[in-house]
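Please read the structure below before turning to the comments.
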Amino acid sequence: MKIAGYVLGAIGILALIAPLAPVKKLIPFALPSQLTTGVLTIAGIVLIGLGIIFLRKEEKSSGKQHKEVPVYEGNRIVAYRRVSS
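Numbering (the numbering used here), first residue to last: 2 to 86.
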């Protein structure tokens, strides 16, 4: 998922800079006429947003959740220990 987030972000950045004049000169092919500046800008923003969502989702789900169990000393709880669940 993390790689997909980075790929979507990179494609989004490319879509944002594609309509710029200096970049148009570097692109070896002509962009279709349906891809206006507004469409490319919106698509770029959406793709960057999706990339960020994928990266944030990966951040939240990374790592295992550990269950905490109490450590007793007599009848008192003196600490908590994490165990893999």
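We put the beta carbon where it would ideally sit given N, CA and C, even for glycine.
Contact check, residue i vs residue j under 8 Å by CB: the rounded distance?
i   : j   : result
V79 : H67 : Actually they are not in contact, since the Cβ atoms of V79 and H67 sit about 19 Å apart, beyond 8 Å.
Using alpha carbons as the reference points, say which of the options lies closest to residue i.
i   : options               : result
G39 : I18, I54 and I28      : I18
A5  : L56, N76 and V47      : L56
L41 : I12, L27 and P23      : I12
Q35 : M2, I53 and A44       : A44
I14 : F30, L48 and K26      : L48
M1  : K58, R77, K25 and P20 : Residue 1 falls outside the range modelled here, since the chain spans only 2 to 86, and no answer is possible.
Report all residues from its chain with a CB closer than 6 Å to the CB of residue i; omit the five preceding and five following residues, and keep chain order.
i    : result
L51  : L9
I153 : Residue 153 lies beyond the residue range present for the chain, which begins at 2 and ends at 86; the question has no answer from this structure.
Considering just the uninterrupted stretch of the alpha helix (DSSP H) at residue i, what are its terminal residues?
i   : result
P23 : A22 to L27
A5  : K3 to I18
For the beta strand (DSSP E) holding residue i, just list the boundary residues, first then last.
i   : result
A80 : R77 to S85
P1  : One cannot answer for residue 1 here, as it falls past the ends of the chain, which runs 2 to 86.
Closer than 8 Å by C-beta to residue i: which residues in its own chain qualify, once you throw out the five before and the five after it? Chain order, please.
i   : result
Y81 : E69, V70, P71 and V72
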